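*Asks:*
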Amino acid sequence: MQNSSNQTVKNKGIYLLPNLFTTAGLFSGFYAVIASMNANFEAAAIAIFVAMICDGLDGRVARLTNTQSDFGAEYDSMADMVSFGMAPALLAYNWALADLGKVGWLAAFIYCAGAALRLARFNTQVGVADKRYFQGLASPAAAAVIAGSIWLGNQYSLDGKNISWIAGLITATTGLLMVSNFRYHSFKEIDWRGKVNFIVILLLVGIFVVVSVQPALILCIGFYLYAISGPVVTIRTVRKLKVAHIVGDDEQGKEIKENKSSINSGEKP
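Below, the structure is given as structure tokens:
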């Protein structure tokens with residue numbers, strides 16, 4: 000009779016396809032760091048946008064192919080920290096903030112720390128937070144603000160050292176937006192597998208055409224508008240703006256939890 004303690008544990012392995020996209024995103028983020036160190040700022044900014052595409056694909060591929068795993072979720076967070084935390088911070092520092100001394104690297108650190116805190120908070124709120132909204136600016140969108148600004152500035156031959164204080168303010172503010180309680184639309188309610196009208200496809204084609212004409216300008220404006228939308232949406236949806244709606248304990252999250260607990264206990268919310 001065999002001892003149950005000696006039974007072989009089945010090796011689950013690692014799903015290849017979704018983690019392949021995650022690895023591609025990690026590679027793009029690492030390349031952005033190397034390119035920024037070599038003063039190739041445009042290539043670094045584009046690499047961050049490539050990492051965004053890979054980050055958007057890995058989760059959707061995992062859900063479509065039913066290959067979600069705890070390993071994939073953790074690996075994705077680690078890759079995001081490199082691609083959307085370290086890479087944009089170092090890119091901003093090498094492009095504009097180095098001459099500011101301590102102020103420059105502190106602004107870059109605020110962004111980097113904000114990305115780390117944003118990812119940690121997101122991981123702890125999975126299954127609890129309202130899926131229609133992000134709490135705080137998502138790290139890929141924050142990285143797009145930094146990368147888009149530098150990509151656009153580089154195309155117009157703008158020397159980052161001439162606007163170092165503005166760049167530092169944008170970098171630090173973007174980092175703070177990530178740890179804020181401002182509500183940002185997540186667009187997760189869109190049914191990507193559903194049927195749409197033919198006009199929607201034409202609109203999508205038009206969007207691709209417009210972006211291809213001036214990608215740096217269009218993407219930069221688009222993500223700046225998205226970054227501003229959080230405070231606007233929050234102020235419009237709350238009756239009385241409180242400090243907790245901006246930073247700290249999230250009052251809206253408390254209300255959701257209280258409503259769920261009252262429903263489970265049979266009480267009216």
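Taken in order, the sequence shown gives residues 0 to 268; the numbers are from numbering that gives the first Met the number 0. Ideal Cβ positions, reconstructed from N, Cα and C, are used throughout, including at glycine. This structure is a prediction, so every number in the text was calculated from the model and none was measured.
1) In whole angstroms, what separates the C-alpha of F48 from that of A137?
2) Are the beta-carbon atoms of A107 and G159 separated by less than 9 Å?
3) How is F181 classed by DSSP in three states: helix, strand or coil?
4) Measure the beta-carbon distance from A43 to A34 and round it to whole angstroms, keeping in mind my assumption that it falls under 8 Å.
5) When you compare the CB positions of C53 and G84, do they come within less than 9 Å of one another, or not?
6) Assign F108 to one of three DSSP states: helix, strand, or coil.
7) Just the C-alpha distance for V144 and H184, rounded to the nearest angstrom, thanks.
8) Scan the stretch 143-179 and note each continuous alpha helix (DSSP H) run of 4 residues or more that stays entirely inside, going in chain order.
9) Applying the criterion that 16 or more other CB atoms from any shown protein chain within 10 Å of the CB defines a buried residue, is R117 buried or exposed?
10) With a threshold of 16 other CB atoms inside 10 Å of the CB of V8, please say whether the residue is buried or exposed.
11) Evaluate I169 with the Cβ neighbour count: other Cβ atoms within 10 Å of its Cβ, from every protein chain shown; 16 or more gives buried, anything less gives exposed.
12) Kindly indicate which three-state DSSP category S260 falls into: helix, strand or coil?
13) Taking 6 Å as the limit between beta carbons, can you name the residues of its chain near P230, skipping five residues before and five after?
14) What is the DSSP secondary structure of F207, reduced to helix, strand or coil?
15) Taking Cβ positions, are L218 and W150 nearer each other than 9 Å?
16) Got a sec? Which residues, its chain only, sit under 6 Å from V32 by beta carbon, not counting five neighbours each side?
17) Going along the chain, which residues of its own chain have a beta-carbon closer than 8 Å to the beta-carbon of I109, five neighbours each way excluded?
18) CA-CA distance, F207 and G193?
19) Looking at T233 and I245, is the spacing between their C-beta atoms short of 9 Å?
20) Under three-state DSSP, which class holds F133?
21) Taking only the alpha-carbon atoms, compute the straight-line gap between P17 and K239 and give it to the nearest angstrom.
22) How is the alpha helix (DSSP H) around L240 delimited, first residue to last?
23) Compare the Cα-Cα distances from A115 to each of N93, A97, A141 and R131 and report the closest residue.
24) Would you mind sorting D75 into buried or exposed? The rule is 16 or more other CB atoms within 10 Å of its CB.
25) Considering only C-alpha positions, which residue in the set Q154, K130, V60 and G135 is nearest to M177?
26) Since A166 and A91 are thought to touch, with beta carbons under 8 Å apart, how far apart are those beta carbons, to the nearest angstrom?
27) Determine whether the beta carbon atoms of Y14 and S68 lie at a separation below 9 Å.
*Replies:* This is what the structure holds:
1) 14 Å
2) Cβ atoms of A107 and G159: not closer than 9 Å.
3) Coil at F181, not helix or strand.
4) 4 Å
5) no
6) helix
7) 16 Å
8) 163-177
9) Burial call: buried.
10) With a pLDDT of 43 at V8, under the threshold of 50, the modelled position of this residue cannot be trusted; read the value that follows with caution. Looking at its Cβ environment, which holds fewer than 16 other Cβ atoms inside 10 Å, V8 is exposed.
11) buried
12) Since pLDDT at S260 reaches only 45, below the 50 mark, its modelled position is unreliable, and the value read off the structure follows with that caveat. DSSP places S260 in helix when its eight states are reduced to three.
13) F181
14) Correct three-state label for F207: helix.
15) yes
16) Only A86 and L89 meet the Cβ criterion.
17) T170, A171, G174 and L175
18) 21 Å
19) Here I245 is near T233, since their CB atoms are less than 9 Å apart.
20) In this structure, F133 counts as strand in the three-state DSSP scheme.
21) Looking at the two C-alpha atoms, the distance is approximately 43 Å.
22) Segment: none, L240 is in no alpha helix (DSSP H) and carries neither H nor E.
23) A141
24) buried
25) When each option's Cα is compared against that of M177, the closest is G135.
26) 6 Å
27) yes
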